[in-house]
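One structure is given here, and the rest of the page talks about it.
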Amino acid sequence: MKPKIYVANNNAELIENVRTYLAERLNYLLEQNGTIGIGVSGGSMPKIFTEAILSIPNLNWKRIRIFMVDERNVDVSNPDSNQAEYTRLFPEELKDVIVPVPIFEKDLRRTAQAYELNLRKYLLPELYNNVPRFDLLFLGVGPDGHTASIFPGKERLEKITDMNWVSALDDSPKPPPSRVTLTLNTINHAKNVSFIIQGEGKAEVVRGILHKDQKYPSSYVRPINDKLVFFLDKGSASTISLDLDDVGSTPEPESPPPSFEE
Numbered sequence: 064m065k066p067k068i069y070v071a072n073n074n075a076e077l078i079e080n081v082r083t084y085l086a087e088r089l090n091y092l093l094e095q096n097g098t099i100g101i102g103v104s105g106g107s108m109p110k111i112f113t114e115a116i117l118s119i120p121n122l123n124w125k126r127i128r129i130f131m132v133d134e135r136n137v138d139v140s141n142p143d144s145n146q147a148e149y150t151r152l153f154p155e156e157l158k159d160v161i162v163p164v165p166i167f168e169k170d171l172r173r174t175a176q177a178y179e180l181n182l183r184k185y186l187l188p189e190l191y192n193n194v195p196r197f198d199l200l201f202l203g204v205g206p207d208g209h210t211a212s213i214f215p216g217k218e219r220l221e222k223i224t225d226m227n228w229v230s231a232l233d234d235s236p237k238p239p240p241s242r243v244t245l246t247l248n249t250i251n252h253a254k255n256v257s258f259i260i261q262g263e264g265k266a267e268v269v270r271g272i273l274h275k276d277q278k279y280p281s282s283y284v285r286p287i288n289d290k291l292v293f294f295l296d297k298g299s300a301s302t303i304s305l306d307l308d309d310v311g312s313t314p315e316p317e318s319p320p321p322s323f324e325e
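Each residue of the sequence shown is one higher than the last, beginning at 64 in this note's numbering.
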């Protein structure tokens, strides 16, 4: 199945595209039972995601939990902390929606284990192949093609392509070096996976993902239900053909995608 690609003319339109998609998915998911698990990334995404989701009216926040796709193993007082940035952007009454990554700065493996315990606490009721199934995942990419904290390089990629839910790495080429991240196995089991990508500097990566160029870790994001969505701006979309059937300007309501079943 071809990915859905939405190209925005400016930042406001990009946020509106994400908001439209989020509203449609969340309204459907809230009609079902259980906790809604959403995974989010760092970089420029916190502002885009929070502005989009906080503008959706009448959400049942008691059933929504937001997780970090990856996190730097730093205290929340550190400006590199992803969870601290989301906590700052969310209103006080909704801060409990954000599931923390317990940080042990001197014990990276313990940080990974503690975060996996939180995943088990909130997402364990629904597993497939003994892997948690996020309802929604929002990923970014770097100019080098990394996504989450999965960076280029054979050894780094091999460490992340295991069957664990969460992996720890202490050799990130982008500081800070110590991080925890969802594995590709966990990412690819999510029900709805989206990339949010901005800027001409990432246009070649976008093309690489679409053509499964294996030098980019982000090209290994291949959901098991074959559903992948891209939210791009004009810059990041500049190297792909815009006459494809799967390219649009704004998301349109669609019937709920079926969950992947064996």
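Ideal Cβ placement from N, Cα and C applies to all residues, glycine included. All of these numbers come straight from a predicted model, not from anything done at the bench.
- Judged by DSSP in its simplified three-state form, Ser107 adopts coil rather than helix or strand.
- For a cut-off of 8 Å, the C-beta gap from Phe214 to Pro238 is around 12 Å, too long to register as a contact.
- A contact is defined here as three or more CB-CB pairs under 8 Å, and the stretch 70-84 fails this definition with respect to the stretch 158-171.
- By the Cβ-count criterion, Pro154 is exposed, with fewer than 16 other Cβ atoms from all chains shown falling within 10 Å of its own Cβ.
- Rounded to whole angstroms, the gap between the alpha carbons of Asp159 and Ser304 is 42 Å.
- When DSSP states are grouped into helix, strand and coil, Tyr279 belongs to the coil group.
- Look at the stretch 198-257 and you find these whole runs of beta strand (DSSP E), each 3 residues long or longer: 199-202, 229-232 and 242-245.
- Cβ-Cβ separation between Ala300 and Val243: approximately 31 Å, too far for a contact (criterion under 8 Å).
- For Arg135, the enclosing beta strand (DSSP E) has its first and last residue at Asp133 to Arg135.
- With a cutoff of 8 Å on beta-carbon distance, Asp143 and Arg135 are scored as near each other.
- The continuous alpha helix (DSSP H) containing Lys184 extends over residues Leu171 to Leu186.
- Taken through DSSP and simplified to helix, strand or coil, Arg151 comes out as helix.
- Looking from the CA of Asn96, the closest CA among Glu148, Ala86, Arg172 and Asn123 belongs to Asn123.
- Per DSSP, reduced to three states, the secondary structure at Gly102 is strand.
- Contact between the stretch 262-271 and the stretch 190-199 is not established, with fewer than three Cβ pairs separated by less than 8 Å.
- Distance check between Leu117 and each of Leu157, Leu273, Leu202 and Arg172 places Leu157 closest, using alpha-carbon atoms only.
- Around Val204, the same chain offers Thr210, Phe258, Ile260, Lys265, Val268 and Ser281 as residues with beta carbons nearer than 7 Å, after the five sequence neighbours per side are excluded.
- Residue range Lys67 to Ala71 is occupied by the beta strand (DSSP E) that includes Val70.
- Distances from the CA of Val162 to each of Leu182, Leu85, Asn248 and Val137 were compared; the closest alpha carbon is that of Leu182.
- By the 16-neighbour rule on beta-carbons within 10 angstroms, Arg172 is exposed.
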